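Participant: The following block contains the structure, expressed as structure tokens.
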Amino acid sequence: MKRDPRTRRLRLSALPALLESAPAWLRIVAGLGLVLLGALMLTRPLSSVILLGVYVALSAIISGIAEVASRHSSATWVTRVFAAAWILLGIAVLAFLGRSLDILPAALAALLIVGGLASLGDALSGGTVTERILAAAWGGSQFVFGILALAWPDVTVLLVAIVFGVRTIAFGGSLLFRAIRERARPSPLEEHTREVGRRRSYITGAARIVLAVILVVVSVGAWAVNDWLDEGAPVVDAFYTPPRDVPTRHGMLIRSDDFAGRAPDGAEVRRILYTTRTALGEPAVASALVISPEDSLPGLRPVVAWNHGTTGVARGCAPSLREEAATGWMIPAVDDAIARGWVVVASDYSGQGAPGVFPYLIGVGEAQSTLDAVLAADQVEGIALSPEVAVWGHSQGGHAALWASQLADDYAAELDIVGTAVLAPVSDPHALAEAMVTGEPDALLSILTSWVLVPYADTYPDVNLTQYVLPGGRTIVREMTRRCPSEPGVIVSVAAALGLSEDQPLYTGDLTAGPLGRRLQENAAVGPWPSPLLVAWGDADEVVPPRLQEEFVASLCASGEQVRWVRYAGYNHLEPLQPPSRFLPVLLNWTQARFLDRDTPVDDCIR
């Protein structure tokens, strides 16, 4: 069945109909312009996001108006409803474009979904078999990619830019080719013989089928990838959701449960949920692992408070959600610590596992989570903890450990901090930020920057994303903080960062200046520390520049702190932490001496 030539179909763009009867020279100009616009969308998605929004919005509005104004009887009420939706969505894109570009990706995704439904309606309304097949495939692919764009907002700009960029280049190129051919051959009557027309009809039909198959394959593949990414994301189970009523005091145990992951030999591992405080002193909830010896020897157990390094900033990035969280690859020398009769308490910090804002490199928030974990662990049935606590930490956790030790006397006076050991610590977030932003921007730096910027903006009222993030990029930056480096979905963040890095940086201005810079400086660990310090790092550290560790140790010595420091040749950022690191025996023996208080700690400042 052939479509009535008077039938008007609702299309994504009104340009084909408007240019159908235009002079050849105008179609050449329009074709060139559309090819350039499509190329801009593909190569500069963030720069062209305003132009893309205006183009799509105006096309939707014009298409909707053309359909509503149609007097053809074949225009059904369904197509008129979609036409009205086109108009409203187009107006919404234009209206919100001036207020916040961050809503544009979602609006464009919605336009894809509506366009997909309209194309599916076209497939049911008539036409040749191949036309209907292609309309159904095109509609289904638009619908699928619209749903995926809503599910992955940070790549919506890229996704929509690809869809509309390719489509615009194809349309512009086709328009340009046909207009040039028409001007070069103004009398093509002989070309349109019945035989040639029949052959062209076959070729066109076959092309429609091939294109439909490609659209279906791509859509199914994209949906399968989406399922794979979702399945790889960590699941935060009900244990981490606090009850409606929780104790008002900090450091109170809410609940405990067995840990389903791997446990060190001779150890029992439990996870706990407890009360704590945010960096601004507001009530919060956090989770932790409590790793204790299985034997029931009498007496109080010394405690190692372990502070983990960077695992991301989302709830699902909590180490206690990972099967290997209690092993020696995540906690240094944990097997030896258990063999010595110590209890290891490893906080996730608030905002990981339990809901809340994660205090990434925010000293007070990290420290309070750590100290409250020890207080809550002492309330677990069957565990009796000594007030003596050695604080360990790596990288971000080194920052947390330093802050926990310097705040312990005021925040948790019942604890006796006997020593603090930090591995490759971030002692000064501002100095690290300055070192990082001086290099060439890349995808990893974009993601790491989001992990610092978003928690700081969510914690401190004077730090505003609009001051540091390019308009239209705030949704992308926030989405980067909702994935963990251990899950497959992080490749979406990497893809977004890579796709946009060739356009322009996501971040504007100086990230180390203004309110963010001042807050980073406030979170430097400056002491004083009431107990000895042990500092270790590798001279091949690719994350925290070794010179920052040397400057930190020099400042400690200048302020009169007792410091034992070790620098390992050839070690990168993780190697001091993991077996067979040469630092692990040093860490254990130094900690054992602190618990026994049997000798004066080595002070390397006299060297």
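Position 469 of the sequence shown, counted from 1, bears residue number 469 in my numbering, the numbering being contiguous throughout.
Built from N, CA and C at the ideal position, the CB exists for glycine as well.
Since the structure is predicted, the reported quantities are computational estimates derived from the model, not experimental observations.
In this structure, how does DSSP classify Ile362 when only helix, strand and coil are distinguished?
Facilitator: Position 362 of the sequence shown holds residue 362. In this structure, Ile362 counts as coil in the three-state DSSP scheme.
Participant: Assuming the contact rule is C-beta atoms closer than 8 angstroms, Ala536 and Pro576 should be a hit. Round their C-beta distance to whole Å, please.
Facilitator: Stepping through the sequence shown from its first residue, residue 536 is reached at position 536. Stepping through the sequence shown from its first residue, residue 576 is reached at position 576. Confirmed, about 5 angstroms.
Participant: In terms of residue numbering, what span does the beta strand (DSSP E) encompassing Gly382 cover?
Facilitator: Residue mapping note: residue 382 aligns to position 382 of the sequence shown, counting from 1. Careful: Gly382 lies outside any beta strand (DSSP E) and carries neither H nor E.
Participant: Pull up the distance between the alpha-carbon of Asp122 and that of Gly64, whole angstroms please.
Facilitator: By one-based count along the sequence shown, residue 122 stands at place 122. By one-based count along the sequence shown, residue 64 stands at place 64. Straight-line Cα distance between these residues: approximately 15 angstroms.
Participant: For a minimum of 4 consecutive residues, which ranges assigned as the alpha helix (DSSP H) are wholly contained in the segment 427–464?
Facilitator: 429–437, 443–459
Participant: Which same chain residues, not among the five before or five after Leu297, have their C-beta less than 6 angstroms away from its C-beta?
Facilitator: One-based indexing of the sequence shown puts residue 297 at position 297. Excluding residues within five positions, none has a Cβ falling inside 6 angstroms.
Participant: Please report the residue range of the alpha helix (DSSP H) in which Gly398 lies.
Facilitator: Locating residue 398 in the sequence shown gives position 398, where the first residue counts as 1. Where Gly398 is concerned, the enclosing alpha helix (DSSP H) stretches over 396–411.
Participant: Starting from the Cα of Leu169, find the closest Cα among Gly33, Ala325, Ile203, Gln578 and give me that residue.
Facilitator: As a working note, residue 169 is residue 169 in the sequence shown. The sequence given here places Ile at residue 169; Leu does not occur at that position. Comparing Cα-Cα distances from Ile169 to each of Gly33, Ala325, Ile203, Gln578, the minimum goes to Gly33.
Participant: Apart from the five residues just before and just after Arg208, which ones in its own chain have a Cβ nearer than 8 angstroms to its Cβ?
Facilitator: Along the sequence shown, one-based indexing puts residue 208 at 208. The residues are Thr130, Glu131, Ile133, Leu134.
Participant: Taking the beta strand (DSSP E) that Ala288 belongs to, which residues open and close that run?
Facilitator: One-based indexing of the sequence shown puts residue 288 at position 288. From DSSP, the beta strand (DSSP E) with Ala288 extends over 283–293.
Participant: Could you tell me the alpha carbon to alpha carbon distance between Leu407 and Met252, rounded to whole angstroms?
Facilitator: On the sequence shown, position 407 is the one that residue 407 refers to. On the sequence shown, position 252 is the one that residue 252 refers to. Using only the alpha carbons, I get a separation of about 18 angstroms.
Participant: Give me, in chain order, the residues of the same chain whose beta-carbon lies closer than 8 angstroms to that of Pro188; leave out the 5 immediate sequence neighbours on both sides.
Facilitator: Taking the sequence shown and counting its residues from 1, the one referred to as residue 188 is at position 188. Note that Pro188 has pLDDT 49, beneath the 50 cutoff, so the model's placement of it is unreliable and the number below is only indicative. For Pro188, the CB contacts under 8 angstroms within the same chain, skipping 5 residues up- and downstream, are Glu182 in chain order.
Participant: Identify every residue that forms a DSSP beta bridge with Glu268.
Facilitator: Working through the sequence shown from its first residue, we reach residue 268 at position 268. DSSP, once it has assigned bridges, lists Ser292 as partnering Glu268.
Participant: State the beta-bridge partners of Ala212 as determined by DSSP.
Facilitator: Taking the first residue of the sequence shown as 1, we reach residue 212 at position 212. Answer by DSSP bridge pairing: none, since Ala212 is not bridged.
Participant: Since I believe Ser395 is in contact with Gly527 (beta carbons under 8 angstroms), could you give me their beta-carbon distance rounded to a whole number of angstroms?
Facilitator: Residue mapping note: residue 527 aligns to position 527 of the sequence shown, counting from 1. Residue mapping note: residue 395 aligns to position 395 of the sequence shown, counting from 1. Not quite, the Cβ-Cβ distance comes to about 19 angstroms (not below 8 angstroms), so this is no contact.
Participant: DSSP beta-bridge partners for Val343?
Facilitator: In the sequence shown, the residue the question calls residue 343 occupies position 343. Paired residue(s): Val303.
Participant: Is it the case that the Cβ atoms of Val345 and Ala424 are separated by a distance below 8 angstroms?
Facilitator: To locate residue 345, count along the sequence shown from 1; it is residue 345. To locate residue 424, count along the sequence shown from 1; it is residue 424. Taking 8 angstroms as the Cβ cut-off, Val345 and Ala424 do not qualify as a contacting pair.
Participant: For Gly393, does the three-state DSSP call read helix, strand or coil?
Facilitator: Working through the sequence shown from its first residue, we reach residue 393 at position 393. Strand at Gly393.
Participant: Taking the CB atoms as reference points, tell me whether Asn572 and Asp541 lie closer together than 8 angstroms.
Facilitator: Residue 572 sits at position 572 when you count from the first residue of the sequence shown. Residue 541 sits at position 541 when you count from the first residue of the sequence shown. It is a contact, given that the beta carbons lie within the stated cut-off.
Participant: For Leu176 versus Gly31, is the C-beta distance shorter than 8 angstroms?
Facilitator: Within the sequence shown, the letter at position 176 stands for residue 176. Within the sequence shown, the letter at position 31 stands for residue 31. Yes, they are a contact pair.
Participant: Which class does Leu273 belong to by DSSP, given the choice of helix, strand or coil?
Facilitator: Within the sequence shown, residue 273 is the residue found at index 273, counting from 1. Residue state, collapsed to three classes: strand.
Participant: DSSP puts Ala421 in a beta bridge; with which residues?
Facilitator: Along the sequence shown, one-based indexing puts residue 421 at 421. Paired residues: Trp392, Leu534.
Participant: Distance check for Ala400 and Leu587, CA to CA, integer angstroms please.
Facilitator: Indexing the sequence shown from 1 puts residue 587 at position 587. Indexing the sequence shown from 1 puts residue 400 at position 400. If I take the Cα positions, the gap works out to 18 angstroms.
Participant: My output table needs one value for Trp590: the three-state DSSP class, helix, strand or coil.
Facilitator: Here residue 590 corresponds to residue number 590 of the sequence shown, with the count starting at 1. Reduced to three states, the DSSP call for Trp590 is helix.
Participant: Over what stretch of residues does the alpha helix (DSSP H) that includes Val144 continue unbroken?
Facilitator: On the sequence shown, position 144 is the one that residue 144 refers to. For Val144, the enclosing alpha helix (DSSP H) covers residues 129–151.
Participant: For Val422, would you say it is in contact with chain D, using Cβ-to-Cβ distances shorter than 8 angstroms as the test?
Facilitator: In the structure shown, chain D cannot be found, because there is only a single protein chain.
Participant: Do the segment 259–272 and the segment 282–294 touch if we need at least three Cβ pairs shorter than 8 angstroms?
Facilitator: yes
Participant: For Gly473, I'd like the list of residues in its chain whose CB is within less than 6 angstroms of its CB, leaving aside the five on either flank, ordered along the chain.
Facilitator: Counting from 1 along the sequence shown, the entry for residue 473 is found at position 473. Contacts found: Leu506.
Participant: With H, G and I counted as helix, E and B as strand and the rest as coil, what does DSSP make of Leu608?
Facilitator: With the chain running from 1 to 607 in the structure shown, residue 608 is simply not present.
Participant: In whole angstroms, what separates the C-alpha of Leu516 from that of Phe82?
Facilitator: Walking along the sequence shown from the start, residue 516 turns up at place 516. Walking along the sequence shown from the start, residue 82 turns up at place 82. Straight-line Cα distance between these residues: approximately 46 angstroms.
Participant: Between the segment 445–457 and the segment 351–366, can you find at least three pairs of beta-carbon atoms closer than 8 angstroms?
Facilitator: yes
Participant: Please report how far the alpha carbon of Asp335 lies from the alpha carbon of Thr275, in whole angstroms.
Facilitator: Along the sequence shown, read from residue 1 onward, the residue named residue 335 stands at position 335. Along the sequence shown, read from residue 1 onward, the residue named residue 275 stands at position 275. Using only the alpha carbons, I get a separation of about 28 angstroms.
Participant: Of all the options Gly353, Ile87, Glu323, Arg518, which has the alpha carbon lying nearest to the alpha carbon of Ala263?
Facilitator: Walking along the sequence shown from the start, residue 263 turns up at place 263. The option with the nearest alpha carbon to Ala263 is Glu323.
Participant: In the DSSP output, which residue or residues are listed as bridge partners for Asp603?
Facilitator: Residue mapping note: residue 603 aligns to position 603 of the sequence shown, counting from 1. Note: Asp603 sits in no beta bridge, so no partner.
Participant: Have a look at Val166, Asn226, Trp138, Ser141 and flag the residue whose alpha-carbon is nearest the alpha-carbon of Val492.
Facilitator: Here the question's residue 492 lines up with position 492 in the sequence shown. When C-alpha distances from Val492 are compared across Val166, Asn226, Trp138, Ser141, the shortest belongs to Asn226.
Participant: Pop quiz: Trp403 and Glu366 are said to be a contact at Cβ under 8 angstroms. What is the actual Cβ separation, rounded to whole angstroms?
Facilitator: Numbered from 1 along the sequence shown, position 403 holds the residue referred to as residue 403. Numbered from 1 along the sequence shown, position 366 holds the residue referred to as residue 366. About 6 angstroms; that satisfies the 8 angstroms criterion.
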